[in-house]
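To keep things clear, I will list the structure first and then write my remarks on it.
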Amino acid sequence: MKESGDRMAEDWLCQQEKQDDDKVLPFMDEDGFPLLDITRDEPSSSACSLSSLSTPTVVCDERHTSIIEKHSNDILSCNAQKRKGNRSLSIKENDTQSFASDFYNSGTDCSSLLFVDNMEEIKNPESQKKQKLKQSNLFQLWGLSPQSLLSDKPNMHPQEEKNSGSIEGAMKNKNNNNQNQHRSHVCPFYKKMPGTPFTVDAFRYGKVQDCAAYFLSHFHADHYGGLTKKWSHGPIYATALTARLVKMCLYVDPFYIHPLEFGKEYVIEGVRVTMLEANHCPGAALIHFLLPNGACYLHTGDFRASKSLQSYPILLNHRVNVLYLDTTYCNPKYRFPPKEEVLKFAVRVVRNHLKNHPKTLIIVGAYSIGKECVYLEISKALGVKIHATASRRRILQSYGWPQISDNLCTNGRETPLHILPISSLKDEHLQSYLLSFKSQFSTVLAFRPTGWTFSETIGHNLDLIKPRTNGSITIYGVPYSEHSSFDELQEFVKFLRPEKIIPTVNVGSAVNRDKMQSYFRQWLSTK
1 MKESGDRMAE DWLCQQEKQD DDKVLPFMDE DGFPLLDITR DEPSSSACSL
51 SSLSTPTVVC DERHTSIIEK HSNDILSCNA QKRKGNRSLS IKENDTQSFA
101 SDFYNSGTDC SSLLFVDNME EIKNPESQKK QKLKQSNLFQ LWGLSPQSLL
151 SDKPNMHPQE EKNSGSIEGA MKNKNNNNQN QHRSHVCPFY KKMPGTPFTV
201 DAFRYGKVQD CAAYFLSHFH ADHYGGLTKK WSHGPIYATA LTARLVKMCL
251 YVDPFYIHPL EFGKEYVIEG VRVTMLEANH CPGAALIHFL LPNGACYLHT
301 GDFRASKSLQ SYPILLNHRV NVLYLDTTYC NPKYRFPPKE EVLKFAVRVV
351 RNHLKNHPKT LIIVGAYSIG KECVYLEISK ALGVKIHATA SRRRILQSYG
401 WPQISDNLCT NGRETPLHIL PISSLKDEHL QSYLLSFKSQ FSTVLAFRPT
451 GWTFSETIGH NLDLIKPRTN GSITIYGVPY SEHSSFDELQ EFVKFLRPEK
501 IIPTVNVGSA VNRDKMQSYF RQWLSTK
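Once you know that position 243 of the sequence shown is 243 in UniProt numbering, the rest is easy, because the numbers rise by one and skip nothing.
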């Protein structure tokens with residue numbers, strides 16, 4: 001099913017790429033999945049402006065300091081000495097327990113949910129059967145399926161990064177929804193913010209009991225999955241760009257969409273909420289929650305940790321009690337270089353290639369949303385425009401970024417830099433694509449930017465990367481990722497020094513959870 005879904009998505013996308021650029025494509029199918037067109041007229045911006053809402057209300061940036069005292073019986077129960085004059089709204093204990101009681105019962109780390117006694121395995125020949133049953137109970141507790149392990153990210157092929165921002169991802173999500181419609185849809189604890197009526201990226205679970213606000217970290221299909229034009233379960237909070245994409249691409253009723261600006265503090269249901277730039281895809285955010293009792297949570301969504309994140313005052317002024325961490329590459333074999341180094345390498349490869357093959361068509365594989373920095377860097381270095389289909393141009397123009405909007409080209413014969421879906425970077429398709437521009441170009445140099453191409457033997461010595469060449473087609477796999485490397489995760493955790501870390505990716509396996517928790521303990525035990 002997965003392979004057929006891949007083929008269907010790739011065939012569909014390739015057909016769309018060959019259509020006339022001026023043709024208006026339908027953006028949605030009947031089930032609310034995007035098909036790459038955003039020409040529908042937008043409702044008035046006032047329809048979802050904060051001024052028309054009773055909540056949230058915008059508050060000033062004045063910070064307050066809390067002294068957190070940890071209680072032994074409850075890992076998140078805090079007493080805070082608040083600065084005199086601060087308003088705080090109490091959260092009833094029974095409300096907290098009813099909304100996120102599974103979190104409170106989870107112990108100090110995810111591994112405690114297993115309830116497995118290793119000695120029992122030695123003494124009791126039936127222990128293997130019991131452990132299997134306990135593992136099944138764990139799946140039920142998390143709202144997971146033993147087969148699919150419905151974590152934020154599916155298990156990924158070692159040579160291909162997840163298509164979370166692509167139409168392929170949306171189509172796979174649709175197929176999975178059809179197959180899994182009878183499976184449990186219990187929202188897992190790590191998508192709930194305890195002590196609040198909030199969830200993050202939990203749309204696939206429908207109406208979550210006692211949830212008063214649904215937060216979306218960014219516009220990738222594995223995070224917004226479940227959001228359609230029929231959404232009516234409650235308010236959706238996201239950054240302005242993400243909110244715009246939700247409205248334009250998924251046709252969600254603007255009544256439910258509440259855009260939040262980066263860096264501004266809002267009060268929502270008595271909780272102070274701040275969106276921070278996540279260094280992932282356009283509009284992606286870290287979500288910072290500061291509760292009335294002084295507890296502080298940071299949900300990273302998907303992010304690429306960097307030094308710039310360590311300069312946010314809000315992360316310096318408040319100790320993070322619980323960090324919900326994107327652990328896509330929480331494995332020491334993924335120590336890929338910083339994005340800046342990879343971008344410089346790509347530009348160097350292009351320039352060297354053009355010296356020997358001046359009539360080269362440069363192609364960058366990208367998701368519908370994401371990988372923009374790769375082709376922007378090449379465009380800037382060569383001083384050339386960027387060609388993309390009409391459907392992709394409409395998405396790029398929706399960002400409101402002059403560096404993109406001012407450099408888009410409608411005629412592919414007028415620029416050597418083209419953008420194609422990352423899934424279409426196959427020899428046969430690239431050869432066919434080259435033939436359509438044979439009067440202008442004689443060879444293709446393509447880039448597949450994904451962290452999964454990283455090799456430990458190459459490490460940071462990117463010049464050792466060997467391209468795959470087939471006749472006039474040359475394809476480079478470059479370790480450019482919009483997720484944090486293992487070393488970047490370590491540095492970020494050491495900077496924050498949170499009291500508790502909840503991994504949000506690759507959590508379906510007890511072995512993975514134990515390994516990640518051991519990394520976390522090691523990072524927090526050293527300076």
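Glycine included, each C-beta is placed from N, C-alpha and C at the ideal position.
Go ahead and pull the three-state DSSP assignment for residue i.
i, result
"residue 90", "In this prediction, residue 90 scores a pLDDT of 34, lower than 50, which makes its location untrustworthy; no coordinate-derived value is stated."
"residue 408", "strand"
"residue 429", "helix"
"residue 273", "strand"
"residue 402", "helix"
"residue 468", "strand"
"residue 519", "helix"
"residue 296", "strand"
"residue 511", "helix"
"residue 256", "helix"
"residue 342", "helix"
"residue 129", "Confidence at residue 129 is low in this model, with a pLDDT of 45, below 50, so its placement is unreliable and no value can be given for it."
"residue 305", "coil"
"residue 422", "helix"
"residue 353", "helix"
"residue 449", "strand"
"residue 374", "helix"
"residue 434", "helix"
"residue 366", "strand"
"residue 285", "strand"
"residue 9", "Unreliable placement is indicated for residue 9, whose pLDDT of 38 sits below 50; the coordinate value is still reported in the next sentence. Three-state DSSP puts residue 9 in a helix."
"residue 261", "coil"
"residue 291", "coil"
"residue 246", "helix"
"residue 525", "helix"
"residue 267", "strand"
"residue 384", "coil"
"residue 347", "helix"
By Cβ distance below 7 Å, which residues in the same chain neighbour residue i in space, the five residues on each side in sequence not counted?
i, result
"residue 241", "282, 283 and 399"
"residue 312", "276"
"residue 523", "490, 493 and 494"
"residue 412", "387, 418 and 437"
"residue 407", "379, 385 and 386"
Could you check whether residue j and residue i sit closer than 7 Å to each other, using their CB atoms as the reference points?
i, j, result
"residue 367", "residue 419", "no"
"residue 537", "residue 297", "In the structure as shown, the chain begins at 1 and stops at 527. Residue 537 is therefore absent and cannot be evaluated."
"residue 292", "residue 270", "yes"
"residue 513", "residue 505", "no"
"residue 215", "residue 268", "no"
"residue 498", "residue 320", "yes"
"residue 199", "residue 207", "no"
"residue 520", "residue 335", "no"
"residue 227", "residue 250", "yes"
"residue 381", "residue 347", "yes"
Please return the same chain residues whose Cβ sits closer than 8 Å to the Cβ of residue i, not counting the five positions on each side in sequence.
i, result
"residue 448", "365, 422, 425, 475, 476, 477 and 478"
"residue 304", "278, 279, 280, 339, 481, 482, 483, 484 and 488"
"residue 91", "For residue 91, the predicted model reports a pLDDT of 34, less than 50, meaning its position is unreliable and no value from the coordinates is stated."
"residue 253", "229, 231 and 232"
"residue 30", "In this predicted model, residue 30 has a pLDDT of only 30, less than 50, meaning its place in the structure is not dependable enough to derive any value."
Less than 6 Å between C-beta atoms, sequence neighbours within five positions excluded: which residues of the same chain meet that for residue i?
i, result
"residue 405", "397"
"residue 325", "300, 501 and 503"
"residue 306", "279"
"residue 245", "219"
"residue 529", "Outside the displayed span of the chain (1 to 527) sits residue 529, for which this structure offers no information."
"residue 322", "297 and 500"
"residue 445", "353, 360, 362 and 474"
"residue 415", "384, 385, 387 and 409"
Which whole-angstrom value is the C-beta distance of residue i and residue j, which I expect to be below 8 Å?
i, j, result
"residue 409", "residue 385", "4 Å"
"residue 362", "residue 378", "6 Å"
"residue 437", "residue 360", "11 Å between Cβ atoms; not a contact."
"residue 369", "residue 495", "About 28 Å separates the two Cβ atoms, so there is no contact after all."
"residue 203", "residue 224", "6 Å"
"residue 239", "residue 285", "5 Å"
"residue 387", "residue 435", "That belief does not hold up - the Cβ atoms of residue 387 and residue 435 are roughly 16 Å apart, past 8 Å."
key: alpha helix (DSSP H) runs wholly inside the region 183–243, at least 4 long, in chain order   = 221–224
inquiry  = So within the region 476–509, which uninterrupted beta strand (DSSP E) runs reach at least 3 residues, ignoring any that extend past its ends?
reply    = Segments of the beta strand (DSSP E) lying fully in the region 476–509: 500–503.
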